[in-house]
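Quick note, the sequences are listed as chains B, U and D, same order.
My numbering numbers the first residue of the first sequence as 252 and each following residue consecutively.
My numbering numbers the first residue of the second sequence as 847 and each following residue consecutively.
My numbering numbers the first residue of the third sequence as 939 and each following residue consecutively.
Beta carbons: idealized from backbone N, C-alpha and C, even for Gly.
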Amino acid sequence: MSCWETVADYAFRSIGFGERLLPRSDFTICQQATLIGSGMIWNVYFGVVALFSGFVMATVLALGKASQSFWLRKPSEWFIFLFRGSPLFIQFFFAYFLFLNLKQAVPIFSPFTAAWLGALVVLFCNTAAYSGEIFYGALLSIPRGDIEAADAYGFSGMTRFRKITWPTMLRLAWPAYTNESIFLFHATTLVFFSGFPAYQQKGDALYYANYFADKTFNPFVPYPILAGYFIMLSLIIIGFFGLMNKRLNRHLPQEERRKLRIRPNMIR
Amino acid sequence: MFSYCIDPEVLGQFRWLSCYLTTGKHFAFYGSFATVLILLAITAPTALAFGFGGASIARSRIGPISWIGKGYIAIVRGVPDIAFFLFFVIALDQAFEFARHKVICPEWNEPIRQGSDFIVCKAAKLPLGNAPQWIHETYGFFLAVLTFAIVFGAFAANVIFGAMRAVPKAQLETAEAYGMSRRQTFWRILVPQMWVFALPGLSNLWMVLIKATPLLFLLGVEDIVYWARELGSTKNAKFTSYPHGDWRMQYFFFLLVFYLAFTKVSEVVLDRIMKRLTHGQATAGGEAQRKAAV
Amino acid sequence: MKKLILSTAALAISAGMAMAGSHSVVRMGTEGAYAPWNFINDAGEVDGFERELGDELCERAALTCEWVTNEWDSIIPNLVSGNYDTIIAGMSVTDERDEVIDFTMAYTPPDPSVFLAMDSGLDVTSGVIAAQTATIQAAFIANAGWSLVEFSTPEETVAAVRNGEADAVLADQSYLASFAGQDGLVLLERQEQIGGGVGMGIRESDGELREKFNAAIQSMKDDGTLNTLIEKWEVASTFQ
């Protein structure tokens, strides 16, 4: 079987198209690369959707945590502590069992026990909490002069937030936020290793990499392939966030524009 | 454990629970918390040592050597850590056995990889096939610690590398002016001063390390996740004196609370250490402390 | 031909090692989550049919045995890499597994696999069927082209049916029988004959150990103790 046929058979296996049975014996590098690549569809799906939805929630959380009102501040603080203070792995397990129990009481929850929604909810809350903390930090370090200048120009309320506070917050938070999104994509690999089951052997990249490592008992092929995919993905994210960074900083004088450097904190 | 536990079926709720929570199985569960703590206690200094080594190599003036250090940092950063955990445990085991095989059985001339089997001579097996159980367990635990240390060492290396660069240049230049050699400058000036700059990153790393401990489960160590899943699963009256339904949610809730408490305590302790370290330092934090005291 | 030579060479080496006192301890690998075959009892020890069987076999073969638990989905790789010496975990003998490891003679007769569901009139060909990863049942469902959902432990497969995640679970009769009649779970009439009997898995290079266990199993079969044990734990039909 040529490699091209393998690609045709397995390229979309992770979402249920193409050949039904996974390869059983005589594994080729082509099969491994194709299937692991196919699994990346899930990682990208989880990462992209959680990132975009989590972004909105993170802004709300950051504002909540910086708010004067006790009733806004405390819930945001607790939400952030809950999701930043416990391991994602345990959160996945717990959420799966929680959804199972909820499902019996309230039928609306039945799709939540499937990874595509249940795990997404956990990842969404997780990235919202981590990014919320980053945004909160940025919010506190907005130069006071900026806000005063906005007041002087007669900006207030929503307009001030939309035109001054929010863009400045994003600009300050951007390097750390880039870092966070890379880690979010890495975290998506945990989905099928925790409570959430894989239907019809439709799993993410790590699920297939692990499948091959177990079958061939040779970790030196599938895991480096997986690593290659993820390094590629990280580079794409860095490129994309770099473009955004340029846009956020476009009003600054040339020498003050900060090049996006995601060197400092490699951990969230 | 208690004398009234002989026939749990007739016990009241409280007594039933007291018996249930003190079965041998539950003690294994409690013991596994110690496993996690021991792992942390061993891994943290080991990872720090790896990190220190990695950072020193990355700072090297010789290009190729510094690339090794930087490459180590960059690769671990670019790849999901769970992939490393799954990879290293098999890879390290095979690497050790392969190395022993080359030394112990040089006359062996068959291929090491035969289809799906990885075959080394029996004397090179790690641990030896007839070793007692505790050696096997310790070896498995050792592999897990090493894997954790390699992954978190790279993170620590990055933090320490950054901290070394944060030490004011003037300090190093002054040392040079006093006639200190490069080595002396490194050990006497750079290293003592960098810890303050490294601490925020390292305490962050400690938090991440705590949160990575459930991954032990994936390395085949019988840790808290393993026991929570085993204990929480439905128990049939045929095979146990304490039948119950699906309690996995409750057990995992307990784990969640354990981790939240653990991170909270760490946060408080690390905050105190930071306060003490910044005291009198020429940094923004130290300045703030001085002003507050005045 | 080449393979034959290799295996004889391996046999010769392992025989040589045996002289040097290998297998002073035989490590028995099991899953510990598959009652009544093997499970962890309240005291935290391995218990069940295979525990009793294994201890008896070791005594008859004059071996010192130790029990080890391992996750099911990596139970074969860990045998091959030498983390333990036998698999005694309700593992059916199949051709696919036989290519990687060797089996002793079966210690239970081949029994059909059954379906456990909430609805006795379920059409299994159109429903979602749960099975444990890397079991003969999972392979069977995948081959038949039905909807398969995999879980890593047997317990989770049954929980999935109870929760409505799956419509039915396919597994060994003895395992599912203890769940039937609880929480509205019923066994379907349809049964599938998959796989051979259950045997102990042993590394291909370990022929001598396999012979020892074969002899012990045969002696237990002959004096009827094996059948008594099977009946006691209700794991399978008895040998005729």
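Neighbourhood of residue i by C-beta, 6 Å cutoff - its chain only, sequence neighbours within 5 removed
i	result
residue 1056(D)	1122
residue 257(B)	281, 282, 285
residue 1047(U)	1005
Cα-Cα separation, residue i to residue j
i	j	result
residue 303(B)	residue 392(B)	24 Å
residue 353(B)	residue 360(B)	6 Å
residue 1112(U)	residue 285(B)	44 Å
residue 948(D)	residue 957(U)	With a pLDDT of 39 at residue 948(D), under the threshold of 50, the modelled position of that residue is not reliable, and the figure given next carries that caveat. If you take the alpha carbons of residue 948(D) and residue 957(U), they lie about 12 Å apart.
residue 931(U)	residue 499(B)	37 Å
residue 963(D)	residue 1027(U)	58 Å
residue 402(B)	residue 409(B)	12 Å
residue 946(U)	residue 495(B)	52 Å
residue 998(U)	residue 893(U)	6 Å
residue 1008(U)	residue 478(B)	25 Å
residue 933(U)	residue 991(D)	36 Å
residue 1069(U)	residue 1075(U)	10 Å
residue 1088(D)	residue 465(B)	16 Å
residue 861(U)	residue 1093(D)	27 Å
residue 872(U)	residue 891(U)	30 Å
residue 935(U)	residue 989(U)	6 Å
residue 1005(U)	residue 1054(U)	13 Å
residue 1136(D)	residue 339(B)	39 Å
residue 1050(D)	residue 448(B)	26 Å
residue 503(B)	residue 311(B)	27 Å
residue 1011(D)	residue 463(B)	12 Å
residue 420(B)	residue 389(B)	5 Å
residue 1184(D)	residue 966(D)	The structure shown does not extend to residue 1184(D), since chain D spans only 939 to 1178, so no value can be given for it.
residue 973(D)	residue 972(U)	32 Å
Listed by chain order, chain D residues near residue i by CB distance under 7 Å
i	result
residue 450(B)	1087
residue 978(U)	963
residue 260(B)	Those within 7 Å of residue 260(B) in chain D number zero; the least Cβ separation is about 15 Å.
residue 990(U)	The premise fails here: residue 990(U) is roughly 14 Å from chain D at the closest Cβ pair, so nothing lies under 7 Å.
residue 1032(U)	Residues of chain D passing the Cβ test: none, with the nearest at roughly 43 Å.
residue 351(B)	1101
Which of helix, strand or coil DSSP assigns to residue i
i	result
residue 1085(D)	strand
residue 1171(D)	helix
residue 943(D)	Any reading at residue 943(D) must be qualified, since the residue scores a pLDDT of 38, below 50, and its modelled position is unreliable; no value is offered.
residue 1041(D)	strand
residue 1127(D)	strand
residue 1067(D)	strand
residue 878(U)	helix
residue 1110(D)	strand
residue 1088(U)	coil
residue 453(B)	coil
residue 1055(D)	strand
residue 295(B)	helix
residue 948(U)	helix
residue 429(B)	helix
residue 972(D)	strand
residue 1140(D)	strand
residue 965(D)	strand
Residue i: contacting residues in chain B (beta-carbon distance under 7 Å)
i	result
residue 1069(D)	Under the 7 Å cutoff, chain B gives no residues; its nearest Cβ is about 11 Å from residue 1069(D).
residue 1094(U)	348
Residues near residue i in its chain [Cβ-Cβ closer than 8 Å; skip 5 each side]
i	result
residue 1036(D)	none
residue 1107(D)	1053, 1054, 1055, 1067, 1068, 1069, 1095, 1096, 1098, 1099, 1114
Other residues of its chain near residue i: CB distance less than 7 Å, five sequence neighbours each side excluded
i	result
residue 959(D)	For residue 959(D), the predicted structure reports a pLDDT of 42, less than 50, and the residue's modelled location is therefore unreliable. A value from the coordinates is still provided. Same-chain partners within the cutoff: there are none.
residue 1165(D)	1176, 1177
residue 300(B)	371
residue 335(B)	380, 381, 384
residue 453(B)	265, 266, 267
Chain-ordered chain U contacts of residue i [CB-CB under 9 Å]
i	result
residue 539(B)	Given that chain B is displayed from residue 252 to residue 519, the structure contains no residue 539(B) and the question cannot be resolved.
Partners in chain U for residue i, counting only beta-carbon separations shorter than 8 Å
i	result
residue 1026(D)	Within 8 Å Cβ-Cβ: nothing; residue 1026(D) doesn't reach chain U, min ~16 Å.
beta-carbon residue i near the ligand ZN non-hydrogen atom, thresh 8 Å
i	result
residue 932(U)	For the ligand ZN, the structure offers nothing, since it holds no ligand at all.
Chain B contact residues for residue i, given Cβ-Cβ distances below 9 Å
i	result
residue 1105(U)	336, 337, 338, 341
7 Å Cβ cut-off: residues of chain U touching residue i
i	result
residue 1116(D)	1082, 1084
- Could you tell me which uninterrupted beta strand (DSSP E) segments, each at least 3 residues in length, are contained entirely in the segment 984-1027 of chain D, listed from first to last along the chain? The segment 984-1027 of chain D contains these whole beta strand (DSSP E) runs: 1003-1007.
- Query: What runs of the alpha helix (DSSP H), each 4 residues or longer, lie entirely inside the segment 360-403 of chain B?
  - Reply: Listed in chain order, the complete alpha helix (DSSP H) runs (minimum 4 residues) inside the segment 360-403 of chain B are 366-391, 395-403.
- Item | Length-filtered (3 minimum) beta strand (DSSP E) runs lying within the segment 459-499 of chain B | Within the segment 459-499 of chain B, no run of beta strand (DSSP E) reaches 3 residues while sitting entirely inside it.
- Message: Give the list of continuous beta strand (DSSP E) stretches no shorter than 3 residues that lie fully inside the segment 890-951 of chain U.
- Response: Along the length of the segment 890-951 of chain U, whole beta strand (DSSP E) runs at least 3 residues long do not occur.
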